[in-house]
Amino acid sequence: MDGKKTLRKGSVIITGASSGLGLATAKALAETGKWHIIMACRDFLKAERAAKSAGMSKENYTIMHLDLASLDSVRQFVDSYKRSGRPLDVLVCNAAVYQPTAREPSFTAEGFELSVGTNHLGHFLLSRLLLDDLKESDYPSKRLIIVGSITGNTNTLAGNVPPKANLGDLRGLAGGLNGLNSSTMIDGGHFDGAKAYKDSKVCNMLTMQEFHRRFHEATGITFASLYPGCIATTGLFREHITLFRILFPLFQKYITKGFVSEEESGKRLAQVVSDPSLTKSGVYWSWNKDSASFENQLSPEASDQEKARKIWELSEKLVGLA
Ligand code: NDP
Ligand code: PMR
1 MDGKKTLRKG SVIITGASSG LGLATAKALA ETGKWHIIMA CRDFLKAERA AKSAGMSKEN
61 YTIMHLDLAS LDSVRQFVDS YKRSGRPLDV LVCNAAVYQP TAREPSFTAE GFELSVGTNH
121 LGHFLLSRLL LDDLKESDYP SKRLIIVGSI TGNTNTLAGN VPPKANLGDL RGLAGGLNGL
181 NSSTMIDGGH FDGAKAYKDS KVCNMLTMQE FHRRFHEATG ITFASLYPGC IATTGLFREH
241 ITLFRILFPL FQKYITKGFV SEEESGKRLA QVVSDPSLTK SGVYWSWNKD SASFENQLSP
301 EASDQEKARK IWELSEKLVG LA
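Here the sequence shown is numbered in UniProt numbering, starting from 1 and rising by one per residue.
Listed below in structure tokens is the structure:
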């Protein structure tokens, strides 16, 4: 009898599914017919157009409003999701902003520097508030995935391109990253948009590991991060100068050979969402030249347990959980 039972569709929330990696992942999962994708996006119309142009069929996705640069919006999103009565099987924290040319910092609704506020703190609150829903899922494999990057890892060539990620003693984070009574940078230094992004990715990778240590055994949830490859054509580089946007994909394709198409990157992240063999928790996945996944090594800072614990505790205070 059990053999005849068909598995229900999995429910997966993907933040920032209106472009780039998030959209390509939504498309790849929708095409299997086995997933319902909740596209958690700040721009509803953009997301709707993106889903249509990707050829996703209506019954495979729902768009829900989420602005990660506002903790109120994160809470409202979580409330609406819980009220929808949908199970939650996988949460993918994918959205990000990158401000390499900004001379001055910008801020989230609560006054956190925008890159760390959006990429790390918004996702931190979102995943903390949805953890119970994941816990309750009866799906064969429930997962929480936080997208990381090579550029936050100083044990790689890419991670050594200045400005390098460095969280220092976390004094800026402790002060709220608001530029008033603290620096806007986690390490307390002067504002640098490119560094703030890389620092936020280190926070993403440390948060995934801290989740793993705190909750994997008790909940059975798989926590994972990944470097999807250099997807040099996405909207992430929208604020970079035109010359960079022209040369960067060529540089990555022909010189570093780290280039990956949006479609291929989407297949990689979709694998981390749904591949039955990728259930190991606490792993930072990467792919080799033949696109086979492997467990990658994080830099000393991106695997520093003490820092992970401190970031967790400071972030809890900043987002109002402690
Ligand atoms: P895109 O800019 O194409 O996608 C980012 C997504 O995040 C967009 O959908 C964007 O929404 C959304 N977003 C930004 N701010 C917010 C917000 N405040 N609230 C909700 N959503 C928001 O970039 P990528 O696809 O390249 O980036 C996706 C992930 O991949 C990021 O985590 C990035 O760090 C990671 N990554 C990317 C690499 C690359 O080479 N591109 C390499 C390694 C990692 P909108 O469409 O409205 O702007
Ligand atoms: Mg990098 C193997 C070498 C490699 C890889 C895989 C990347 C990925 N980069 C590499 C090398 C280099 N980059 C070198 C040698 C240079 C100096 C010329 C270089 C420069 C560079 C710049 C200016 N690279 C960049 C930038 C960016 O603005 C991008 C960035 O840091 O965004 C945060 C970037 C990236 N390089 C990558 C990847 C994946 C990125 C962008 C995205 C990200 O990490 O999320």
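Note that beta-carbon positions come from the ideal geometry of N, C-alpha and C, so glycine has one too.
Asked: Between the CA atoms of Ala302 and Ala165 - distance to the nearest angstrom; Found: 9 Å
Asked: Residue burial classification, Pro105 (beta-carbon count within 10 angstroms, cutoff 16); Found: buried
Asked: Simplified DSSP state of Tyr98, which is helix, strand or coil; Found: coil
Asked: Cβ-heavy atom distance, Gly258 to the ligand PMR, below 7 Å; Found: yes
Asked: Distance cut-off 7 Å: Thr101 Cβ against heavy atoms of the ligand PMR; Found: no
Asked: Inter-residue Cα distance where the pair is Thr234 and Gly20; Found: 5 Å
Asked: Distance, Leu7 Cα to Met1 Cα; Found: With a pLDDT of only 42 at Met1, under 50, the local geometry of the prediction cannot be trusted, and the value read off the model is given with reservation. Spanning the two alpha carbons is a distance of roughly 13 Å.
Asked: Rounded separation between Asn178 and Leu125 - CA only; Found: 18 Å
Asked: Phe77, enclosing beta strand (DSSP E) - first and last residue; Found: Counting along the chain, Phe77 falls outside any beta strand (DSSP E), though it belongs to the alpha helix (DSSP H) covering Leu71 to Ser84.
Asked: Reduced DSSP secondary structure (H/G/I, E/B, other) of Glu113; Found: strand
Asked: Cβ shell of Met208 (< 7 Å), same chain only, five flanking positions each side left out; Found: Ile146, Phe223, Ala224 and Ser225
Asked: Heavy atom of the ligand NDP within 7 Å of Pro228 beta-carbon; Found: yes
Asked: Whole-number beta carbon distance between Ala69 and Gly16, since they are thought to touch under 8 Å; Found: Not a contact, Cβ separation roughly 12 Å.
Asked: Per-residue DSSP class, three states only, for Val12; Found: strand
Asked: Exposure label - Trp285; buried when at least 16 CB within 10 Å; Found: buried
Asked: Contact under 8 Å by Cβ, Ile38 with Ser11; Found: yes
Asked: Buried versus exposed call for Gly159 [16 or more other C-beta atoms within 10 Å across all chains shown]; Found: buried
Asked: Reference residue 380; option with closest CA among His240, Ala109 and Tyr61; Found: The displayed coordinates of the chain run from 1 to 322. Any statement about residue 380 would go beyond what the structure contains.
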